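*Asks:* Under full-length UniProt numbering, the first residue of the sequence shown carries the number 1, and numbering increases by one thereafter.
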Amino acid sequence: MTSVILLHVFILDNGYVNQLNGRVFGVWADFLFIFIIAGCGKMSSVPDGKKLVRSPSGLRMVPENGAFNSPFSLDEPQWVPDKECPSCMQCTKKFDFLTRKHHCRRCGRCFCDKCCSKKVTLPRMCFVDPVRQCGECSRVSQKEMEFYDKQLKVLMGGGTFIVTLGTSEKSETMMCRLSNNHRYLFLDGESHFEVELSRISSMQVLTEESTPEGGNCRASGMLLHYKPMGSQDPKQLRMEAAEDKKTASSWLAAMHKGAKLLYEARDQ
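#1: Mind checking histidine 192: buried by the 16 CB within 10 Å criterion, or exposed?
#2: Report back the beta-carbon spacing between leucine 197 and methionine 222 to the nearest angstrom; my notes put them in contact at under 8 Å.
#3: Roughly how many angstroms separate the alpha carbons of arginine 183 and cysteine 88, rounded to a whole number?
#4: If you drop the 5 nearest sequence neighbours on each side, which residues of the same chain put their C-beta closer than 7 Å to that of leucine 178?
#5: On the DSSP bridge list, what partners appear for glutamine 151?
#6: Out of curiosity, what's the CA-to-CA distance linking arginine 124 and lysine 245?
#7: Measure the C-alpha to C-alpha separation of aspartate 233 and lysine 227 and round it to an integer number of angstroms.
#8: Rounded to whole angstroms, how far is the Cβ of cysteine 134 from the Cβ of cysteine 107, which I believe are closer than 8 Å?
#9: Closest by CA to alanine 254, which one among Ala219, Met175, Asp267?
#10: Is aspartate 82 helix, strand or coil when you go by DSSP?
#11: Below 7 Å CB to CB, which residues in the same chain sit around glutamate 172 once its five sequence neighbours on both sides are set aside?
#12: Spatial neighbours of phenylalanine 111 within its chain, please: CB distance less than 7 Å, with the 5 preceding and 5 following residues excluded, ordered by chain position.
#13: Thinking just about the alpha-carbon of each residue, which of Ala242, Asp96, Trp79, Asn181 is nearest to the one in proline 86?
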């Protein structure tokens, strides 16, 4: 099997980027992939291959293997066929030679230029450039940008927690952070283990009163239920803020926002 790849990008978890331009034969790429897996011993250490693709909606930088998709990402919608939308689905203005038809890149519905004029970044669908969206979708995408611009940096920066596995009475102080490809939670202390976000079945934020007098509550920990890779038996993970409660609270708040996107992506 051979293939021509104009742009082949490997993005490693440590941020190293290597670009290979030219002709690459698929059989050697497959061999390299198997070799890397054998050497790394775990999927989270395997470089994520990226490729640049052109869809009707625009240019997208997507994983070569669908298994490496970010758990926050959304699939491109199916466009409403032209024959099924003779008029704008917002203002009902009929399409003609002067009133052109446009498809929202996020929802796939048909709109006139006035109702679908905004071009907004849409990282959840891996678009390289801002894309045309309807008014409703553009507002949603703009709200999500706060997560991508701020919360993701907090999650990847990490926080220190006291971690308890299952019903064990033994706890360990660990640094918890989101991997650069957004697919894993890395927990590092005297030991190391990983939780794949796509295998988390439930996530509960634990809170405590922020002042002795009561009143406002702040996030103090998190309770996760997940299934380890290769197992159908659910596991429990409890995380409670260590000494730096402010950083831990910010990390938990960011994770809570990320959970909303995670569940939305699953339900699409």
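Every residue, glycine too, gets a C-beta built ideally from N, C-alpha and C.
For clarity, every value in this text was computed on a predicted model and none was experimentally measured.
*Replies:* Once the coordinates are examined:
#1: exposed
#2: Between methionine 222 and leucine 197 the Cβ distance is about 13 Å, and since that is not below 8 Å, they are no contact.
#3: 38 Å
#4: Leu155, Met156, Leu185
#5: DSSP output for glutamine 151 lists no bridge partner at all.
#6: 30 Å
#7: 6 Å
#8: 7 Å
#9: Ala219
#10: helix
#11: Val163, Gly189, Glu190, Ser191
#12: Cys88, Met89, Gln90, His102, Cys104, Cys134
#13: Asp96
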